[in-house]
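Reading through the structure tokens given below for one structure.
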Amino acid sequence: MGTLLIRPPGHRRDVTLRPAATAMVWIGEGHPHETIAVPGVALADGDVLVAVEMSTICGSDVHTVQGRRSAPTPLVLGHESVGRVIATGDTGANAVDGTPLRIGDRVVWSVTISCASCDRCLRGMPQKCRSLGKYGHDRVGAHGDLTGAFASHVQLREGTAIVRVPEALPAAVLAPAGCATATAWAAVARAARDHDLDGAAVRIHGAGLVGLSAAAIAAEQGATVEVLDPNPDRRALAARFGATSLDREPDVVIEASGHAVGEALAGVTVGGTVVLVGSVFPADPVPFDAESIVRRLVTVAGIHNYTGAELAAAVAFLAGRGRAYPFGDAVGAVRGLHEIDAALEEATAAGAPLRIGLLPGH
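Here the working numbering is used: the first residue of the sequence shown is 27, the next is one more, and so on.
Right, dumping it as structure tokens:
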């Protein structure tokens, strides 16, 4: 991890990195990433500097480089990662459970940075904070250069939900926790507010990592789960994540693909709940049969990202009952950080694995 030189305390703590940190900067569609060296950072009170162990490429990263979603440039992409704390600001920082973070702690963190004091944060929606920041989504500059996970280090700002993770769990299991697994947990938890999942029928559209994670989480809560996906290989994989078939209309439908919203709304039973979680990219408007929704007493809920408590719950699941499922197999290929452009191309190819991992220093 190199040598740290920390200057005397002050409002910001200057940390010199030897060797310098590296970050892969995306400068726009059609351009290869550029490598920048970051010889040091200034840590504000509550900030944490993390050395990245592994990052994974999420679908939203692919959408960004393909021009399917807008993003500011220059930008360090990446928001699924696991790493170790190597420095903190003068006042230190706490994990989600309220305990102080220590040098050497292995951690995952939220994609969002929240203020904890605005009306949305106080209403339990920190992922929609009035002054929201997002790792892998915010332009390089105002908050430094280490703002995304496609780098050797990430500077975690105060207001980030940070969760310690077990040493025994593979990085391939933990890296996606800060996006796919926690989002899936939030989606299932939203459904569980309306329905006791023990004995419930749950249909999931989309066998990406969010959908598969939701299948395992719902199955462990006692639900019978069906996963629909046009890809036969993904459907076969879903069986390893607890999916089977339904013999009745679903009480809960989780739409995790962004491509089957109409089917999700039409397929839920009377009094059922539809949780939309996959519609995170521009798409054609979906016809909405309001009369059908009203007459069937259907609840429609949207989930985007998650809270710190949901991230902690997702990690606890991976460390506990989630061990029965092949989360480690989701990362089907691992590349060096400097191979990022080839890795992104691989992520868009037919038959691509659920995730491709990136390792700094390789």
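Just so you know, even glycine gets a beta-carbon here, dropped at the ideal spot from N, CA and C.
Within the model, the alpha-carbon separation for residue 186 versus residue 148 is close to 15 Å. Considering only 166, 51, 77 and 175, the residue with the shortest C-alpha distance to residue 131 is 77. Residue state for residue 117 is assigned as coil, using DSSP reduced to three classes. With a cutoff of 7 Å on beta-carbon distance, residue 341 and residue 189 are scored as near each other. Residue state for residue 362 is assigned as strand, using DSSP reduced to three classes.
Between residue 111 and residue 127, the C-beta spacing is below 7 Å. Under the Cβ criterion (8 Å, minimum of three pairs), the region 160-176 counts as touching the region 51-65. Straight across, the Cα-Cα distance linking residue 138 with residue 106 is about 11 Å. Across the structure, residue 359 and residue 375 are spaced so that their CA atoms are roughly 13 Å apart. As summarised for the region 95-170, the continuous beta strand (DSSP E) elements at least 3 residues long and confined to that stretch are 106-114 and 132-139, given in chain order. Residue state for residue 306 is assigned as coil, using DSSP reduced to three classes. Collapsing the DSSP output to three states places residue 77 in a strand. The shortest CA-to-CA distance from residue 115 to any of 337, 266, 62 and 37 is the one to 37. Take the alpha-carbon of residue 84 and the one of residue 260: they are about 17 Å apart. Counting along the chain, residue 44 sits inside the beta strand (DSSP E) bounded by residues 38-51.
Bridge partners of residue 317 according to DSSP: none are assigned. Taking residue 347 as reference, the option from 324, 244 and 253 with the minimal CA-CA separation is 244. About 19 Å separates the Cβ atoms of residue 237 and residue 337, ruling out a contact at the 8 Å cut-off. Residue 275 and residue 293 have their alpha carbons spaced roughly 7 Å apart. Between residue 290 and residue 221, the C-beta gap is not smaller than 7 Å, which leaves the two residues out of contact.
In the three-state reduction of the DSSP assignment, residue 230 falls in the strand class, which pools E and B.
Per DSSP, reduced to three states, the secondary structure at residue 269 is strand. Taking the C-beta atoms as reference points, residue 329 is found nearer than 7 Å to residue 303.
A direct Cα-Cα distance of roughly 7 Å separates residue 378 from residue 372. The beta carbon of residue 272 is closer than 7 Å to those of 227, 229, 250 and 252 in its chain, skipping five residues each way along the sequence. Residue 57 is classed as exposed because its beta carbon has fewer than 16 other beta carbons within 10 Å across all chains shown.
Measuring C-alpha to C-alpha distances from residue 117 to each of 136, 71, 80 and 75 identifies 71 as the nearest.
One Cα belongs to residue 61, the other to residue 113, and the distance between them is close to 23 Å.
The Cβ-Cβ distance between residue 242 and residue 213 does not fall below 7 Å. A Cβ-Cβ separation of about 6 Å places residue 344 in contact with residue 199 under the 8 Å criterion.
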